[in-house]
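As structure tokens, then:
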């Protein structure tokens, strides 16, 4: 009879199977994404924009000599990528909290706005957003995450943080998702490499490294978890469901049947008006080395706190493919490099422009004329005794016309440059080049029209920010679960503080003096439901400057 597996073994086994599924599902697309990233990072030193076989053919040895041909890299793609990502940095998307139901309060929504701005400030969230946007525009997908940390070593109060994920390839999200941000993901694996010394310090009771290495025999999946100097650690988020009954009581009160309030209603003889079966969702988190679970706990939110930002997304014959700005511009960039190299080769191999003269004119001055193309002689002399058949003095030597680049080669190079613009959707006005427009309004209109071709990147980022802020709104009442003073940041960057009391029943409690003047307000962000709207535009200071210029 087979031995029954423990819950930890089931979780680890499921994690490994799901990781293998994600690796298989993303392998084709991510190979192309990695090639896009390397192509964008191509330089004259690494020559990543040149195919290996082409480089080999242009540096092939002929006998003892090497017939080296130039392989120049004039990388024009970073300019086009930065045109999109830097526009995002100037016009950052920001979430605005709005009340949804009758219990929500406008003042609490403003306080939540300030708390979110404070969370973004202490987390350096702009770094997380910018990294995700860079990856999204470059090769098609970027990620950031939400986590919680204790405020201090001697405190039980926690803060919500937004953290960047530098390497998007370390994220393996449920490939069955339909939402571009991953809100419907059932699981997600994040991998990271930890130095062995840190691993042994943080997890002294974990299995020894030698034991982990021995586990690879007969079970190949362990081999990818250990290297010479690091241990591969995986964070595994997954959803679990509990079947229960939702009851509706008079007064439009909805309670789960197994909750304490529902049991109190039942004890009082109250019968629910309606019932329906529901699946209660909770998110579990664990950290594993591939062999055993090192840590595990329930995540406070109901969604996996990994936010996905996608560029272009296609599903072809059941296989997912994502891409960014670089993908379609690669051939045009290769052709530009080729034509530039061809032009340089033609001009470099062409003979120096010679001097043409009659026989005998250079006699006595051969040394200077032989070095006329390399030495800056102040003057050159000729032999005046040389005459024509009639005894006349011959004309002075003249320089032949220098070699010129072919018109077809120049046209091909310009065509490749235009192809880069058309494949990236960015034309001359968007790149700051002069056009026929003369007025400032016409120039701005032309730039905005050109930016329309890449607007979906900014829009997808705004959608991801909205999803991330929704998660933070859900987390705030659960993380700030004790009476405390919370910091908030206004739109103008001014920092202030508010008092939060999760135990009070009303959303806003106003404390007044004897004259009825409000001297303090206490907020409970857990009362009422709130949603998020996203605005994209300049910062507060930029808006003030624009308003001043307009006035």
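Residue numbers (this note's numbering): 233 to 783. Even glycine gets a Cβ: it sits at the ideal position worked out from N, Cα and C. These figures come from a predicted structure and were not determined experimentally.
- Compare the beta carbon distance of residue 253 and residue 407 with 8 Å and say whether it is the shorter of the two. For the purposes of this step, residue 253 is taken as residue 21 along the chain shown, with counting starting at 1. For the purposes of this step, residue 407 is taken as residue 175 along the chain shown, with counting starting at 1. Their beta carbons are under 8 Å apart, which means residue 253 touches residue 407 by this criterion.
- Straight-line Cα distance separating residue 514 from residue 473: Working through the chain shown from its first residue, we reach residue 473 at position 241. Working through the chain shown from its first residue, we reach residue 514 at position 282. Each residue's alpha carbon lies about 6 Å from the other.
- Message: Would residue 370 and residue 552 be called neighbours here (beta carbons separated by less than 8 Å)?
- Response: On the chain shown, residue 370 is found 138 positions in, with the first residue counted as 1. On the chain shown, residue 552 is found 320 positions in, with the first residue counted as 1. For the 8 Å CB-CB criterion, residue 370 and residue 552 do not form a contact.
- Message: By the three-class DSSP mapping on this structure, what secondary structure does residue 352 have?
- Response: Here the question's residue 352 lines up with position 120 in the chain shown. Helix, per DSSP.
- Query: Is it buried or exposed for residue 383, if we count other Cβ within 10 angstroms and need 16 for buried?
  - Reply: In the chain shown, counting from the first residue as 1, residue 383 sits at position 151. Residue 383 is classed as exposed because its beta carbon has fewer than 16 other beta carbons within 10 Å across all chains shown.
- Where does residue 644 fall in DSSP's three states? To locate residue 644, count along the chain shown from 1; it is residue 412. If DSSP states are grouped into helix, strand and coil, residue 644 belongs with the helices.
- Item | With 16 other Cβ atoms within 10 Å as the buried cut-off, status of residue 698 | Sequence index remark: in the chain shown, residue 698 carries index 466 (1-based). So residue 698 counts as buried.
- Message: My output table needs one value for residue 763: the three-state DSSP class, helix, strand or coil.
- Response: Here residue 763 corresponds to residue number 531 of the chain shown, with the count starting at 1. Here residue 763 carries a strand assignment [DSSP, helix/strand/coil].
- Query: Could you check where the alpha helix (DSSP H) with residue 261 kicks off and where it finishes?
  - Reply: Working through the chain shown from its first residue, we reach residue 261 at position 29. For residue 261, the uninterrupted alpha helix (DSSP H) run begins and ends at 239–272, by DSSP.
- How would you write the range of the alpha helix (DSSP H) that residue 601 sits in, first residue to last? In the chain shown, counting from the first residue as 1, residue 601 sits at position 369. That run of the alpha helix (DSSP H) goes 598–602.
- As assigned by DSSP and simplified to three states, the class of residue 512: Mapped onto the chain shown, residue 512 falls at position 280. For residue 512, the three-state secondary structure derived from DSSP is strand.
- For the region 337–356 against the region 603–620, are there 3 or more C-beta pairs whose distance is under 8 Å? Below 8 Å, too few C-beta pairs join the region 337–356 and the region 603–620 to call them touching: fewer than three.
- Query: Using the beta-carbon count (16 or more within 10 Å), is residue 756 buried or exposed?
  - Reply: For the purposes of this step, residue 756 is identified with residue 524 of the chain shown, where counting begins at 1. Here residue 756 is buried. Its C-beta has 16 or more other C-beta atoms within 10 Å.
- Task: Indicate whether the contact test is met: 3 or more Cβ pairs, each with one atom in the region 535–554 and one in the region 404–421, closer than 8 Å.
- Result: Segments in contact, yes.
- Task: Give the DSSP-derived three-state secondary structure of residue 426 in the structure shown.
- Result: The sequence position of residue 426 within the chain shown is 194, counting from 1. It is a strand residue.
- Message: What would DSSP say about residue 388, mapped onto helix, strand or coil?
- Response: Reading the chain shown from its first residue, position 156 is the one you call residue 388. Coil, per DSSP.
- Does the Cβ of residue 325 have 16 or more other Cβ atoms within 10 Å, making it buried, or fewer, making it exposed? By 1-based counting over the chain shown, the position of residue 325 is 93. By the Cβ neighbour-count rule, residue 325 is buried, with 16 or more other Cβ atoms within 10 Å of its own.
- residue 278 to residue 284, Cα distance in whole Å? As a first step, residue 278 is located in the chain shown; it is residue number 46 there, counting from the start. As a first step, residue 284 is located in the chain shown; it is residue number 52 there, counting from the start. Rounded to whole angstroms, residue 278 to residue 284 spans 11 Å at the Cα level.
- For residue 464, which of helix, strand or coil comes out of DSSP? For the purposes of this step, residue 464 is identified with residue 232 of the chain shown, where counting begins at 1. It is a strand residue.
- Item | Span of the beta strand (DSSP E) around residue 700 | Position 468 of the chain shown, counted from the first residue, corresponds to residue 700. Element bounds for residue 700: not the beta strand (DSSP E) but the alpha helix (DSSP H), 687–711.
- Determine the DSSP secondary structure at residue 533, reduced to helix, strand or coil. Taking the chain shown and counting its residues from 1, one reaches residue 533 at position 301. If DSSP states are grouped into helix, strand and coil, residue 533 belongs with coil.
- Kindly confirm or deny that the region 352–363 and the region 372–380 touch, where touching means at least three C-beta pairs closer than 8 Å. Contact between the region 352–363 and the region 372–380 is present: 3 or more CB-CB pairs across the two stretches fall below 8 Å.
- Query: Would you say residue 261 touches the ligand MG, meaning its beta carbon is less than 7 Å from a heavy atom?
  - Reply: Because no ligand of any kind appears in the structure shown, any question about the ligand MG cannot be addressed here.
- Task: Indicate the three-state DSSP secondary structure (helix, strand or coil) for residue 478 in the structure shown.
- Result: Indexing the chain shown from 1 puts residue 478 at position 246. Residue state, collapsed to three classes: strand.
- Message: Distance check for residue 520 and residue 580, CA to CA, integer angstroms please.
- Response: In the chain shown, the residue the question calls residue 580 occupies position 348. In the chain shown, the residue the question calls residue 520 occupies position 288. Just so you know, the alpha carbons of residue 580 and residue 520 end up roughly 59 Å apart.
- Considering only the beta carbon of each residue, do residue 280 and residue 273 sit closer than 8 Å? One-based indexing of the chain shown puts residue 280 at position 48. One-based indexing of the chain shown puts residue 273 at position 41. Yes, they are a contact pair.
- Message: Output needed for residue 296: all residues of its chain with C-beta closer than 8 Å, excluding positions within five of it in sequence on either side, in chain order.
- Response: Here residue 296 refers to the residue found at position 64 when the chain shown is read from its first residue. The pLDDT assigned to residue 296 is 44, lower than 50, so where the model puts this residue is not dependable, and the model offers no usable value.
- Item | Per DSSP, the bridge partner or partners of residue 788 | Nothing in the structure corresponds to residue 788, since the chain is present only between 233 and 783.
- What first and last residue would you give for the alpha helix (DSSP H) that runs through residue 594? Against the chain shown, residue 594 aligns to sequence position 362. For residue 594, no alpha helix (DSSP H) segment is defined, and its DSSP state is neither H nor E.
- Query: By a C-beta neighbour count over all protein chains shown, 10 Å radius and 16 as the cutoff for buried, is residue 192 buried or exposed?
  - Reply: For residue 192 there is no data in the structure shown, the boundaries of the chain being 233 and 783.
- Touching or not, the region 689–698 and the region 734–752, by the rule of three or more beta carbon pairs under 8 Å? Cβ pair count under 8 Å is below three, so no.
- Query: Is residue 495 buried or exposed, if buried means 16 or more other CB atoms sit within 10 Å of its CB?
  - Reply: Taking the chain shown and counting its residues from 1, one reaches residue 495 at position 263. Classification for residue 495: exposed.
- Task: Alpha carbon to alpha carbon, how far is residue 309 from residue 759? Give it in angstroms, no decimals.
- Result: In the chain shown, the residue the question calls residue 759 occupies position 527. In the chain shown, the residue the question calls residue 309 occupies position 77. When rounded, the distance between both Cα atoms is 50 Å.
- Task: Tell me the start and end of each unbroken alpha helix (DSSP H) in the region 312–370 that is at least 4 residues and wholly inside, in chain order.
- Result: Along the length of the region 312–370, whole alpha helix (DSSP H) runs at least 4 residues long occupy 338–355, reported in chain order.
- Item | residue 614 versus residue 625 - alpha carbon distance | Here residue 614 refers to the residue found at position 382 of the chain shown. Here residue 625 refers to the residue found at position 393 of the chain shown. In this model, residue 614 and residue 625 are separated by some 12 Å (Cα to Cα).
- Item | Exposed unless 16 or more other CB atoms sit within 10 angstroms - verdict on residue 845 | Nothing about residue 845 can be reported from this structure: the residues present for the chain run from 233 to 783 only.
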